[in-house]
Amino acid sequence: MKKIWETYTYAIILLAVSMFFFIVFAAQAGQKDEYITVTVKQGETLWAIAQEYSEGQSLTTTEFIKVIERKNGIAGGIIRTGDKLVVPVAADRYKGQVASSE
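1 is the number of the first residue of the sequence shown in full-length UniProt numbering; add one for each residue after it.
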């Protein structure tokens, strides 16, 4: 056993490290965050959407608006009727369409 260890030390260590990283990455790949998708209705504002879905979040409405803007590439808070916005709240908390977080 000692001779095998001395001969294949680097290969054994490389195999162990490779298996560790494979397991970590495989576990992360299976953990897709799923968020809800909201279709903007006529007269609806980003503020109203943020207020509706920010309940239970640790952010103020203004901070939540900024998160929604970043997630959707919105500049200046301008949204239009029919726009589809990904709102970063857990999909299982709300019924409706689901969008992947990626």
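Glycine is no exception: its CB is placed at the ideal position from the N, C-alpha and C atoms.
Could you tell me how far apart the beta carbons of residue i and residue j are, in whole angstroms, since I believe they sit closer than 8 Å?
| i | j | result |
| --- | --- | --- |
| Gln57 | Thr81 | So it is not a contact: roughly 25 Å between Cβ atoms. |
By how many angstroms is the C-alpha of residue j removed from the C-alpha of residue i?
| i | j | result |
| --- | --- | --- |
| Ala26 | Phe20 | 10 Å |
| Glu44 | Ile13 | 58 Å |
| Val87 | Ile23 | 30 Å |
| Val98 | Lys2 | Bear in mind that the predicted position of Val98 carries a pLDDT of just 43, short of 50, making it unreliable; the figure below should be weighed with that in mind. About 55 Å. |
| Arg70 | Glu63 | 11 Å |
| Leu15 | Ile36 | 40 Å |
What does the Cβ neighbour count give for residue i, buried or exposed, with the cut at 16 atoms within 10 Å?
| i | result |
| --- | --- |
| Leu85 | buried |
| Ser54 | buried |
| Ile4 | exposed |
Three CB pairs or more closer than 8 Å across the stretch 42-51 and the stretch 4-13: no
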